[in-house]
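Residue numbers (my numbering), protein chains in the order written: chain A, 1 to 307; chain B, 1001 to 1307; chain C, 2001 to 2307. Idealized CB from N, CA, C, for every residue including glycine. Each remark here refers to the structure printed beneath this line.
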Amino acid sequence: MKTNHIIEAQQFSREWLEKELFPLADEMEKVARSKGSNELSGKRMVSFFYEPSTRTRLSFHMAMDFLGGRVVFSTENAREFSSAAKGENIEDTIRILSGYRPDVIVLRSDKEGMAKTATEYSKVPIINAGDGSGQHPTQALLDLYTIKKEVGKIAGISIAMMGDLVNGRTVRSLSYLAGKFSGIKIYYISPETAKIKDDIKDYLRRHGIWFEETNDIRKVAGLVDVIYQTRTQKERGTSVAYAKDDFCIVNKEVLDLMKKDAIVMHPLPRNDEISKEVDKDPRAAYFRQAENGLYIRMALLKMILAG
Amino acid sequence: MKTNHIIEAQQFSREWLEKELFPLADEMEKVARSKGSNELSGKRMVSFFYEPSTRTRLSFHMAMDFLGGRVVFSTENAREFSSAAKGENIEDTIRILSGYRPDVIVLRSDKEGMAKTATEYSKVPIINAGDGSGQHPTQALLDLYTIKKEVGKIAGISIAMMGDLVNGRTVRSLSYLAGKFSGIKIYYISPETAKIKDDIKDYLRRHGIWFEETNDIRKVAGLVDVIYQTRTQKERGTSVAYAKDDFCIVNKEVLDLMKKDAIVMHPLPRNDEISKEVDKDPRAAYFRQAENGLYIRMALLKMILAG
Amino acid sequence: MKTNHIIEAQQFSREWLEKELFPLADEMEKVARSKGSNELSGKRMVSFFYEPSTRTRLSFHMAMDFLGGRVVFSTENAREFSSAAKGENIEDTIRILSGYRPDVIVLRSDKEGMAKTATEYSKVPIINAGDGSGQHPTQALLDLYTIKKEVGKIAGISIAMMGDLVNGRTVRSLSYLAGKFSGIKIYYISPETAKIKDDIKDYLRRHGIWFEETNDIRKVAGLVDVIYQTRTQKERGTSVAYAKDDFCIVNKEVLDLMKKDAIVMHPLPRNDEISKEVDKDPRAAYFRQAENGLYIRMALLKMILAG
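Printed below as a string of structure tokens:
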């Protein structure tokens, strides 16, 4: 499989994930834990973020640097500051960016579909670092990689995805990717006002993936291998209303219900949807999950840019 | 000619442009299309922008990197974020910046004349990357270079400069530079409220440059080698009022009137003053023009910083 | 003395300052005045600023680069732009930052004590680049280094610290450091509304440091070796009210009262608390002081990161 643009979770095959990406990410961890390498020496990245996303931007920069490449230019809030604020459309922006001859553009946008549009006008590979309420494929890949690493397998597992499922990009991308693996069971845990959208449900039905919806994590906490908690997307102008009998947080009570070898994940940053008391439990995998983002992004950059 | 600070279009002689800068820019294109060079290895750039200008900043960063130099520090909105916001004057800022010993400072300011003031306090070369409604000399140089490359010559050509001629920095700088070449005819196309200022007209008269003003590009589209369209400078708090019989856009109708080997230029970003239908016409030179900015900036950096 | 985190002025011993830091800073000046070195080659810095501080950020970047290290990621206004704006606490932020495996994190925060908290969650050294109205230890070190370099000694000198002594971080840190040296006399010059806080006075009394408070620099200008002027911290939401008989500026009148070999310092940026007429006097040491920041930061980075 030729990796060029990284746009959406659906573009990757199960085989590619398991045989190519994940083993390469394992290798990348070794590179990062040593001094780094020079494999991307002379390669130039532009990181172009229409909206701020500190940790995603940081992990791409570190990934590039650990492989010997350089981030030549970065902008963290182009929506407000760049020519976008002067009314420029993405087509022109990308034509010009790619005309300055970087080797790869990491693009974070605030509008769904923008990354895909960008690929039509770019001379160089585009990596989608999140596009509005659309997709965030490198997050989905690192999520899946974390499950593989922590649970030991992906096929056949049960996973609870919780929180604001309407606006959460990560849950959407992860659901698409999960659909590539057999025997997965998904529980969607959310208040009535933030249920997963129909397009995802249709996709799951088409691919024969079992799923169920509820509003109380305690009902399923003992059944799952992974609780994937998400944050209410306050910055997208949404506010999710919780009803009296909704229970959508992870705390000591939930930990006590969970299997001994299950894990808690979260794309971070979190607010109070995971209590601090959870942090010390070995099943709290979210900081290891964030770190895996470095290795997955290194692997992707190496695939796209090396040799 | 010793190039040290790059402050305004007037500082360059026709001979230097044709014999030194443009040939070096041709060479720089080859360097950028290959892997880059190490000619500026160990040289350090600070890019200090009082107001955002994504593409200018990006092209300077890429230019530095293609020559093996490093951009050690960059700020994109110092007017709001830096010590400028704490009330510091440009004199102190530049004294301190240059005291940190970079090899060159690329300065974008929001006040006319600031770049020139900066040179009085700097120990290192200053490159003016635009100062308010003053000048934007590297843009003027890349514009002229584009004309040379696309039309084949500069002396003797006819050029229509269109749009908001009151606030447009690029048109001012380009008019000054054009004055260095013989036999140039300039048509200024604008609504009554946005006509070119008297200081430029005086300059042209003193140098014996022919010019004419009108409000309808269609009247002169068939006569010119270059249509140089500009954008209404919304971000400078101006709004240009167009009257009923003003015609200051480039569309299919204008293309049909143009000579077969004429070109359309624009400093970009554009809004709707050039229709998208123009993009596919080979005479639409604006994206190539943007790319030329990389080569011109590489040439300037090499002149200033190399051995 | 093992230098790992750089958090507060109190952590340094007089011996370490005089025997290790200052001589190394002298050496670093030679490195910066030549081409730089490769001692930190392969080392990676993240500069994470919750609030903008252009000159501090710039001098850390230049310091890293002069030693051959790289600034892989920088954010200048994380309070507004980063996940902090999404409600993330410093603990999580630092856990994730350090999980991306930089070699050092330079942290500027807007809350007192944040840098210290950060050290509890970081796997890598933290350098406090200022935390709210708390400390700014690298500024204090460069201040003290400047006194040593300009006056020739620290023990036994008289120093006037002037301006907004309530909110000024630099004065607090410098007072703590001065307490390490014997025979120092401190005059605090401020309006009634901006006097030095009791915790500092208690500290000085405990360490037997002589100090006196007044509201008119002219009364003591002839007695001191250093006038350390500061700026009213407008950006911290404070405004200092001056009474009729307060005299807290440095101008020609004050210069005329000063000793021939005394100096004027200021952490910069300044507003009008030092008149421009002072700039040309050789006793105006504030621009040299800023430059010393480069050498002190190089020395600290070398201590923390080199082999």
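In chain order, what residues of the same chain lie with their CB nearer than 6 Å to the CB of residue i, ignoring the 5 residues before and after it?
| i | result |
| --- | --- |
| I263 of chain A | E150, V226, R283, A285 |
| A2241 of chain C | T2193 |
| F73 of chain A | V46 |
| K1259 of chain B | none |
What three-state label does DSSP hand residue i in the structure shown?
| i | result |
| --- | --- |
| Y2203 of chain C | helix |
| S158 of chain A | strand |
| D2272 of chain C | coil |
| D1092 of chain B | helix |
| L1318 of chain B | As shown, chain B starts at 1001 and ends at 1307. That puts residue 1318 of chain B outside it, with no answer to give. |
| D216 of chain A | strand |
| I2209 of chain C | coil |
| G2293 of chain C | helix |
| R1169 of chain B | helix |
| S1074 of chain B | strand |
| K1185 of chain B | strand |
| Q1066 of chain B | First, the residue type needs correcting, since residue 1066 of chain B is Phe and not Gln in the sequence shown. Here F1066 of chain B sits in helix by DSSP. |
| Q229 of chain A | strand |
For residue i, I'd like the list of residues in its chain whose CB is within less than 8 Å of its CB, leaving aside the five on either flank, ordered along the chain.
| i | result |
| --- | --- |
| G179 of chain A | Y203, L204, H207, I209 |
| G2036 of chain C | D2065, F2066, L2067, G2068 |
| A1155 of chain B | F1181, S1182, G1183, I1184 |
| R270 of chain A | Q229, R231, Y286 |
For residue i and residue j, I'd like the C-alpha separation in whole angstroms.
| i | j | result |
| --- | --- | --- |
| V2071 of chain C | E2029 of chain C | 20 Å |
| T1054 of chain B | R108 of chain A | 15 Å |
| M298 of chain A | Q139 of chain A | 13 Å |
| D1164 of chain B | Y1176 of chain B | 17 Å |
| D2198 of chain C | V2166 of chain C | 10 Å |
| I127 of chain A | D2026 of chain C | 45 Å |
| A2290 of chain C | E1091 of chain B | 14 Å |
| F2172 of chain C | E2112 of chain C | Sequence check: residue 2172 of chain C is Arg here, not Phe. Computed Cα separation, rounded: 13 Å. |
| D2281 of chain C | I2274 of chain C | 12 Å |
| I1184 of chain B | T1056 of chain B | 28 Å |
| A2115 of chain C | V2106 of chain C | 9 Å |
| L1301 of chain B | Y100 of chain A | 16 Å |
| G2293 of chain C | L2142 of chain C | 5 Å |
| K1019 of chain B | V1250 of chain B | 33 Å |
| G2307 of chain C | G42 of chain A | 27 Å |
| A1032 of chain B | P2267 of chain C | 42 Å |
| I2007 of chain C | E2253 of chain C | 38 Å |
Spatial neighbours of residue i within its chain, please: C-beta separation below 7 Å, excluding the five flanking residues on both sides.
| i | result |
| --- | --- |
| R1169 of chain B | G1130, S1133, G1134, Q1135, H1136 |
| K2123 of chain C | S2098 |
| F1022 of chain B | Y1145, K1148 |
| Y2050 of chain C | A2078, R2079, A2084, R2108, S2109, D2110 |
Between the options, which has its C-alpha nearest residue i's C-alpha?
| i | options | result |
| --- | --- | --- |
| Y1228 of chain B | B:K1244, B:S1158, B:I1296, B:E1088 | B:S1158 |
| T1230 of chain B | B:D1279, B:I1189, B:K1153 | B:I1189 |
| M1162 of chain B | B:C1248, B:R1044, B:P1125 | B:C1248 |
| L223 of chain A | A:P269, A:P23, A:A160 | A:A160 |
| R1044 of chain B | C:L2058, C:V2046, C:D2103 | C:L2058 |
| K1257 of chain B | B:A1243, B:R1218, B:K1244 | In the sequence as displayed, the identity of residue 1257 of chain B is Leu instead of Lys. The residue with the shortest Cα to Cα distance from L1257 of chain B is B:R1218. |
| A118 of chain A | A:N251, A:F211, A:T93, A:F12 | A:T93 |
| D2245 of chain C | C:T2075, C:G2293, C:T2214, C:K2195 | C:T2214 |
| R95 of chain A | A:E120, A:D103, A:E76 | A:E120 |
| A2063 of chain C | C:L2040, C:F2048, C:K2195 | C:L2040 |
| A2243 of chain C | C:I2186, C:P2191, C:L2174, C:G2152 | C:P2191 |
List the residues of chain C that residue i touches, going by C-beta distances under 9 Å, in chain order.
| i | result |
| --- | --- |
| F1049 of chain B | None at all; the shortest Cβ gap to chain C is about 11 Å. |
Quick one: list the residues of chain B neighbouring residue i, beta-carbon separation under 7 Å, in chain order.
| i | result |
| --- | --- |
| T315 of chain A | A query on residue 315 of chain A cannot be resolved here, the shown segment of chain A reaching from 1 to 307 and no further. |
| D2065 of chain C | R1044, R1070, V1072 |
| I96 of chain A | R1055, L1268, F1287, A1290 |
What residues of chain B sit near residue i, judged by a beta carbon separation below 9 Å?
| i | result |
| --- | --- |
| A306 of chain A | Simply none; closest approach about 14 Å. |
| L2141 of chain C | In chain order: nothing, as chain B lies at least about 17 Å away. |
| M1995 of chain C | Limits of chain C in this structure are 2001 at one end and 2307 at the other, which puts residue 1995 of chain C out of reach. |
Applying a beta-carbon distance threshold of less than 8 Å, which residues of chain B neighbour residue i?
| i | result |
| --- | --- |
| R2270 of chain C | E1088, D1092 |
| L2294 of chain C | G1099, Y1100, R1101 |
Could you list which residues in chain A have their beta carbon closer than 9 Å to that of residue i, in chain order?
| i | result |
| --- | --- |
| A2078 of chain C | P52, T54 |
I want to verify the contact list: residues of chain C whose CB lies under 7 Å from the CB of residue i, in sequence order.
| i | result |
| --- | --- |
| A221 of chain A | The contacting residues do not exist; A221 of chain A stays about 23 Å from chain C at best. |
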